[in-house]
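Chains A and B, in that order, are what the protein sequence lines are. In terms of my numbering, the first sequence is residues 30 to 522. In terms of my numbering, the second sequence is residues 30 to 522. The beta-carbon is built from N, C-alpha and C at its ideal position, and this holds for glycine as well. One structure is given below, encoded as structure tokens.
There are 2 protein chains.
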Amino acid sequence: MRRLKNAQMQTLALDASSTTPLHQQLFLGLRQAILEGRLTPNTRLPSSRSLAADLTVSRNTILSAYDQLTAEGYITSRIGAGSYVSGDLPDDLLQRKGTGAVPRLAKREIYISKMAASLMGSPVPRQYRGLPFSPGLPALDEFPFEDWARLLARHWRRPKREFLVDNPVGGSQVLREAIAAHLGQTRAVRCTADQVIILSGSQQAIHLVVRAFAEPGDSIWMEEPGYPGVRDAIIAASATPVSVPVDEEGFSLAQAKILAPQARLACISPSHQYPLGQTMSLARRLDLLQWAKEEGRFILEDDYDSEYRYVGRPLSSLQGLDEDNRVLYVGTMSKVMFSGLRVGYMVVPNDLVDVFLALRRNIDSHSPSVPEAALADFITEGYLSAHIRRMRLLYEKRQSCLVKLLGEKLGDILTINTQESGMHIVAFLPPAIPDSAVESAAIASGMLIRALSGFYNSPTDQNGLILGFAGTAEKEMPQLVDKLAHIIRNLSK
Amino acid sequence: MRRLKNAQMQTLALDASSTTPLHQQLFLGLRQAILEGRLTPNTRLPSSRSLAADLTVSRNTILSAYDQLTAEGYITSRIGAGSYVSGDLPDDLLQRKGTGAVPRLAKREIYISKMAASLMGSPVPRQYRGLPFSPGLPALDEFPFEDWARLLARHWRRPKREFLVDNPVGGSQVLREAIAAHLGQTRAVRCTADQVIILSGSQQAIHLVVRAFAEPGDSIWMEEPGYPGVRDAIIAASATPVSVPVDEEGFSLAQAKILAPQARLACISPSHQYPLGQTMSLARRLDLLQWAKEEGRFILEDDYDSEYRYVGRPLSSLQGLDEDNRVLYVGTMSKVMFSGLRVGYMVVPNDLVDVFLALRRNIDSHSPSVPEAALADFITEGYLSAHIRRMRLLYEKRQSCLVKLLGEKLGDILTINTQESGMHIVAFLPPAIPDSAVESAAIASGMLIRALSGFYNSPTDQNGLILGFAGTAEKEMPQLVDKLAHIIRNLSK
Numbered sequence: 030m031r032r033l034k035n036a037q038m039q040t041l042a043l044d045a046s047s048t049t050p051l052h053q054q055l056f057l058g059l060r061q062a063i064l065e066g067r068l069t070p071n072t073r074l075p076s077s078r079s080l081a082a083d084l085t086v087s088r089n090t091i092l093s094a095y096d097q098l099t100a101e102g103y104i105t106s107r108i109g110a111g112s113y114v115s116g117d118l119p120d121d122l123l124q125r126k127g128t129g130a131v132p133r134l135a136k137r138e139i140y141i142s143k144m145a146a147s148l149m150g151s152p153v154p155r156q157y158r159g160l161p162f163s164p165g166l167p168a169l170d171e172f173p174f175e176d177w178a179r180l181l182a183r184h185w186r187r188p189k190r191e192f193l194v195d196n197p198v199g200g201s202q203v204l205r206e207a208i209a210a211h212l213g214q215t216r217a218v219r220c221t222a223d224q225v226i227i228l229s230g231s232q233q234a235i236h237l238v239v240r241a242f243a244e245p246g247d248s249i250w251m252e253e254p255g256y257p258g259v260r261d262a263i264i265a266a267s268a269t270p271v272s273v274p275v276d277e278e279g280f281s282l283a284q285a286k287i288l289a290p291q292a293r294l295a296c297i298s299p300s301h302q303y304p305l306g307q308t309m310s311l312a313r314r315l316d317l318l319q320w321a322k323e324e325g326r327f328i329l330e331d332d333y334d335s336e337y338r339y340v341g342r343p344l345s346s347l348q349g350l351d352e353d354n355r356v357l358y359v360g361t362m363s364k365v366m367f368s369g370l371r372v373g374y375m376v377v378p379n380d381l382v383d384v385f386l387a388l389r390r391n392i393d394s395h396s397p398s399v400p401e402a403a404l405a406d407f408i409t410e411g412y413l414s415a416h417i418r419r420m421r422l423l424y425e426k427r428q429s430c431l432v433k434l435l436g437e438k439l440g441d442i443l444t445i446n447t448q449e450s451g452m453h454i455v456a457f458l459p460p461a462i463p464d465s466a467v468e469s470a471a472i473a474s475g476m477l478i479r480a481l482s483g484f485y486n487s488p489t490d491q492n493g494l495i496l497g498f499a500g501t502a503e504k505e506m507p508q509l510v511d512k513l514a515h516i517i518r519n520l521s522k
Numbered sequence: 030m031r032r033l034k035n036a037q038m039q040t041l042a043l044d045a046s047s048t049t050p051l052h053q054q055l056f057l058g059l060r061q062a063i064l065e066g067r068l069t070p071n072t073r074l075p076s077s078r079s080l081a082a083d084l085t086v087s088r089n090t091i092l093s094a095y096d097q098l099t100a101e102g103y104i105t106s107r108i109g110a111g112s113y114v115s116g117d118l119p120d121d122l123l124q125r126k127g128t129g130a131v132p133r134l135a136k137r138e139i140y141i142s143k144m145a146a147s148l149m150g151s152p153v154p155r156q157y158r159g160l161p162f163s164p165g166l167p168a169l170d171e172f173p174f175e176d177w178a179r180l181l182a183r184h185w186r187r188p189k190r191e192f193l194v195d196n197p198v199g200g201s202q203v204l205r206e207a208i209a210a211h212l213g214q215t216r217a218v219r220c221t222a223d224q225v226i227i228l229s230g231s232q233q234a235i236h237l238v239v240r241a242f243a244e245p246g247d248s249i250w251m252e253e254p255g256y257p258g259v260r261d262a263i264i265a266a267s268a269t270p271v272s273v274p275v276d277e278e279g280f281s282l283a284q285a286k287i288l289a290p291q292a293r294l295a296c297i298s299p300s301h302q303y304p305l306g307q308t309m310s311l312a313r314r315l316d317l318l319q320w321a322k323e324e325g326r327f328i329l330e331d332d333y334d335s336e337y338r339y340v341g342r343p344l345s346s347l348q349g350l351d352e353d354n355r356v357l358y359v360g361t362m363s364k365v366m367f368s369g370l371r372v373g374y375m376v377v378p379n380d381l382v383d384v385f386l387a388l389r390r391n392i393d394s395h396s397p398s399v400p401e402a403a404l405a406d407f408i409t410e411g412y413l414s415a416h417i418r419r420m421r422l423l424y425e426k427r428q429s430c431l432v433k434l435l436g437e438k439l440g441d442i443l444t445i446n447t448q449e450s451g452m453h454i455v456a457f458l459p460p461a462i463p464d465s466a467v468e469s470a471a472i473a474s475g476m477l478i479r480a481l482s483g484f485y486n487s488p489t490d491q492n493g494l495i496l497g498f499a500g501t502a503e504k505e506m507p508q509l510v511d512k513l514a515h516i517i518r519n520l521s522k
């Protein structure tokens with residue numbers, strides 16, 4: 030048994046200016062010395078009193094570190110005989126320890142699951158923090174944050190106990206009721222509150238729907254072009270995305286059946302095709318509902334921005350036409366409020382509620398309940414519909430302004446597809462000017478203009494730009510369109 | 030072509046007292062009549078003027094409904110000739126429509142995925158809204174909600190644009206930094222902010238870790254007894270949970286290898302075994318880390334409540350001992366704050382950050398950013414550690430009080446396992462009194478006392494009660510323990 034010289038402990042190098050407390054520095058230093066074998070089993074440690082004097086720290090600092098080492102099994106204390114490095118540490122392990130600094134690794138050869146590996150193939154979307162022209166970006170400056178903060182504070186100051194623990198998996202009852210009523214009035218969705226499941230966003234809903242029905246290898250229809258999050262969810266379920274080209278009537282069952290007769294699920298955006306903007310025709314809607322009924326299949330209706338329609342009222346949902354409980358309706362507050370809120374929802378048939386609650390619980394126990402109570406107030410007290418009405422007028426003006434400017438500056442090059450609804454327009458480019466080149470140059474100039482071709486899974490001749498207008502102020506548009514014109518004319522030289 | 034008699038429209042039965050606007054009632058009524066074939070293709074509708082007079086509503090109401098029907102393809106308007114039911118609706122479809130009310134279904138024969146079906150086997154946990162003795166329930170009344178509401182309001186009144194859209198998938202940078210620093214100081218976790226991924230809770234973390242590594246059929250070690258959420262996550266990944274009995278040193282690698290030599294992942298709670306409360310011994314920790322390094326496998330460390338240690342300081346994490354980047358560290362704010370907050374986090378090795386971000390993005394784009402900014406303030410401005418310090422003292426008193434009362438009232442029956450840390454105790458029962466019977470009777474009396482046997486996957490002789498003490502006030506305990514004594518003595522008769 031060796032007695033440790035206090036001098037050896039000086040290498041511990043405590044740093045009084047660090048944010049790490051001294052006792053923890055000492056604990057970590059001694060632990061490292063033990064694990065690396067610099068302090069070998071059964072070595073006697075200095076007494077707390079003498080070590081404190083040597084290190085010029087208080088004796089409590091030493092005692093605290095020794096206590097921690099004892100509690101975690103690195104040292105043992107024998108009454109009257111001092112503290113010793115534990116004798117029953119696995120000898121062979123101690124020699125193998127490294128230097129203490131965990132290396133920042135280059136990529137190792139790591140086995141990750143095939144599913145995880147498949148996701149790594151998708152490009153990680155960069156985040157643009159709401160650049161001008163971002164599709165789906167609402168007018169953040171126009172949101173009534175004072176009202177929202179007040180509603181939240183009302184619930185947070187004296188939260189009801191029921192909102193603090195054990196929110197139901199499907200969301201707070203008050204919010205489910207508010208959303209059921211709102212959807213009934215604005216989207217002709219037919220449901221009770223029990224059928225509404227509150228989620229963190231529409232991506233979570235899409236994920237759950239795919240997982241509920243798809244076996245590995247199953248074909249699932251999605252739109253071409255379409256929302257990339259749908260493809261990712263299908264791939265993550267080890268199923269096969271089948272891209273069905275849309276035409277002016279939207280998604281076509283006949284076309285879909287040719288490509289994959291036995292699809293398990295159809296994922297569509299019937300009210301406002303994403304990103305092209307068509308409305309699925311009534312005949313096509315009825316056809317698809319009939320298919321689902323006859324084949325016992327289901328339809329995911331992604332109704333991401335139908336609140337904003339500038340000609341007449343919003344179109345009715347597919348869900349409201351469904352007489353056989355075949356539609357999983359998905360919506361989000363990201364467009365009518367803002368995406369940082371993280372509230373989406375789905376409406377599912379009665380007899381599938383339990384399935385979706387079980388699936389949801391598995392990935393995320395429940396959602397935050399106090400904000401849900403505030404959101405229920407925001408809906409039932411009329412703030413939401415007032416905000417939507419204001420934004421509908423504003424966005425209509427913004428669209429007109431953008432279309433006019435594009436016509437003036439780029440009318441000879443772009444073919445603009447004005448939309449009766451939504452938050453973005455599509456401007457088609459001639460073949461000589463690749464949309465991906467415009468996208469890159471626009472991002473470099475601080476504008477998020479998406480290339481239409483990027484929404485296709487297969488190679489495509491489609492060549493156009495997606496320009497979000499909702500979140501971009503009219504007064505900024507002339508300068509931005511000038512920049513865009515400059516980019517496009519440069520590329521067309 | 031037939032001209033519709035206005036009288037036929039009287040069946041529309043508009044209800045002026047309904048919350049559904051009149052134009053929408055009219056739209057829905059006409060749509061239903063068309064879909065059911067009561068209004069056949071090419072039928073001429075009454076003029077808006079005459080129908081308004083007949084229904085005694087404003088002409089705008091009629092025009093609004095007709096516009097909507099036109100927009101959705103149910104009717105066509107010919108200038109100067111009035112409105113007609115659309116001629117190009119699929120004839121055969123129309124006859125098949127039902128009565129309009131979607132039936133509330135009994136369970137249908139529905140194909141759901143095998144994965145979804147497997148989850149339906151797990152009992153859906155009932156929700157108890159924080160009943161006395163709930164394990165993991167914190168002292169909600171003691172939380173500084175005024176401070177929390179103020180921090181939130183600070184950010185909500187004038188939210189930064191970056192907090193409203195496009196929060197990073199891994200969470201706000203400010204919160205990742207705050208948590209990295211907090212974990213370094215309190216749990217000896219070694220990480221940078223980039224390694225921290227903010228999630229909606231520890232269940233989401235467990236789900237992601239399992240999905241990252243498990244192929245269908247892979248064995249995954251979990252503790253027996255253990256946290257049911259781990260088993261559910263393993264089953265949902267179509268992998269096989271292998272329950273490894275823990276002993277007084279916690280999880281045993283030797284035992285695990287006997288049960289399943291080729292496990293892909295080990296899911297453990299080394300600091301405070303759930304629910305029994307042991308600390309995993311240092312030798313076992315080092316053994317398991319060595320296994321992970323040699324076999325290229327990973328360890329999920331669930332560190333759910335280690336902040337509350339009543340003897341000395343919290344024990345160091347396994348993650349901080351790991352020299353080979355093999356530990357996925359999982360923590361939650363549910364215990365130190367409250368579960369309704371919905372914030373958990375994981376700390377992953379540098380070279381796995383991208384994998385976990387891709388997996389997370391697939392199930393949930395990102396988390397709500399303004400509350401994250403407020404939580405970062407709550408941590409960095411010292412509110413969290415002050416609250417933890419206060420609660421540590423309070424919970425220690427509550428534990429002592431509960432143990433004393435149980436000893437007085439039930440000392441002849443229960444064997445109480447006092448804990449040096451955590452938020453619950455385990456009280457063992459004699460074999461003659463089944464814990465599940467006590468659980469049921471306690472719930473019926475308004476107390477959530479969990480049966481220990483319920484945390485086992487295999488049949489077990491273990492027979493005991495899990496009693497959470499943190500969320501139950503001392504002054505309520507005598508009466509509650511009396512109730513429990515009554516239940517237990519009744520069952521032992």
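Extent of the continuous alpha helix (DSSP H) to which residue i belongs
i	result
P270 (chain B)	Per DSSP, P270 (chain B) belongs to no alpha helix (DSSP H); it is in the beta strand (DSSP E), 269-274.
M420 (chain B)	412-439
Residue interval of the beta strand (DSSP E) (run including residue i)
i	result
G493 (chain A)	493-497
G373 (chain B)	373-376
T409 (chain B)	Note, T409 (chain B): premise wrong, no beta strand (DSSP E); alpha helix (DSSP H) at 398-409.
M251 (chain B)	248-253
Under 8 Å between C-beta atoms of residue i and residue j
i	j	result
V273 (chain A)	F280 (chain A)	yes
Y307 (chain A)	V275 (chain A)	Note on residue identity: the sequence assigns Gln, not Tyr, to residue 307 (chain A). Yes; because the gap between Cβ atoms is below 8 Å, this pair is in contact.
V198 (chain A)	A405 (chain A)	no
V376 (chain B)	C220 (chain B)	yes
L431 (chain A)	L513 (chain A)	no
Y95 (chain B)	T105 (chain B)	no
L148 (chain A)	P70 (chain A)	no
Contacts that residue i makes with chain B (C-beta to C-beta distance below 7 Å)
i	result
I141 (chain A)	A241, F242, V384
V377 (chain A)	The contacting residues do not exist; V377 (chain A) stays about 11 Å from chain B at best.
Contacts that residue i makes with chain A (C-beta to C-beta distance below 9 Å)
i	result
A182 (chain B)	A178, R179, L181, A182, W185
E324 (chain B)	What E324 (chain B) touches in chain A: nothing, since even the nearest Cβ is about 10 Å away.
Proximal chain A residues relative to residue i, where beta-carbon distance stays under 8 Å
i	result
F174 (chain B)	W185, R186, R187, P188
H515 (chain B)	Within 8 Å Cβ-Cβ: nothing; H515 (chain B) doesn't reach chain A, min ~26 Å.
Contact set between residue i and chain B, taken where Cβ atoms lie within less than 8 Å
i	result
Q214 (chain A)	T48, T49, P50, Q53
Cross-chain neighbours of residue i in chain A, by beta carbon under 7 Å
i	result
Q233 (chain B)	I392, D393
Residues bridged to residue i [DSSP beta-bridge criterion]
i	result
A480 (chain A)	A:L494
V455 (chain A)	A:N446, A:I495
R338 (chain A)	A:S450
E330 (chain B)	B:I297, B:Y358
Neighbour list for residue i in chain B, Cβ cutoff strictly below 9 Å
i	result
T345 (chain A)	A small correction: the amino acid at residue 345 (chain A) is Ser; Thr does not occupy that position in the sequence shown. By Cβ distance, chain B contributes F56, L57, R60, Q97, E101.
Do the stretch 167-177 of chain A and the stretch 499-513 of chain A touch if we need at least three Cβ pairs shorter than 8 Å?
-> yes
Any 3 or more C-beta pairs closer than 8 Å across the stretch 484-492 of chain A and the stretch 459-470 of chain A = yes
Touch test, the stretch 430-445 of chain B against the stretch 478-487 of chain B, Cβ-Cβ under 8 Å, three pairs minimum | no
How do the stretch 83-101 of chain A and the stretch 360-379 of chain B stand: do at least 3 beta-carbon pairs fall below 8 Å, yes or no?
-> no
When the Cβ atoms of the stretch 207-221 of chain B are set against those of the stretch 331-346 of chain B, are three or more pairs found closer than 8 Å?
-> The stretch 207-221 of chain B vs the stretch 331-346 of chain B: in contact.
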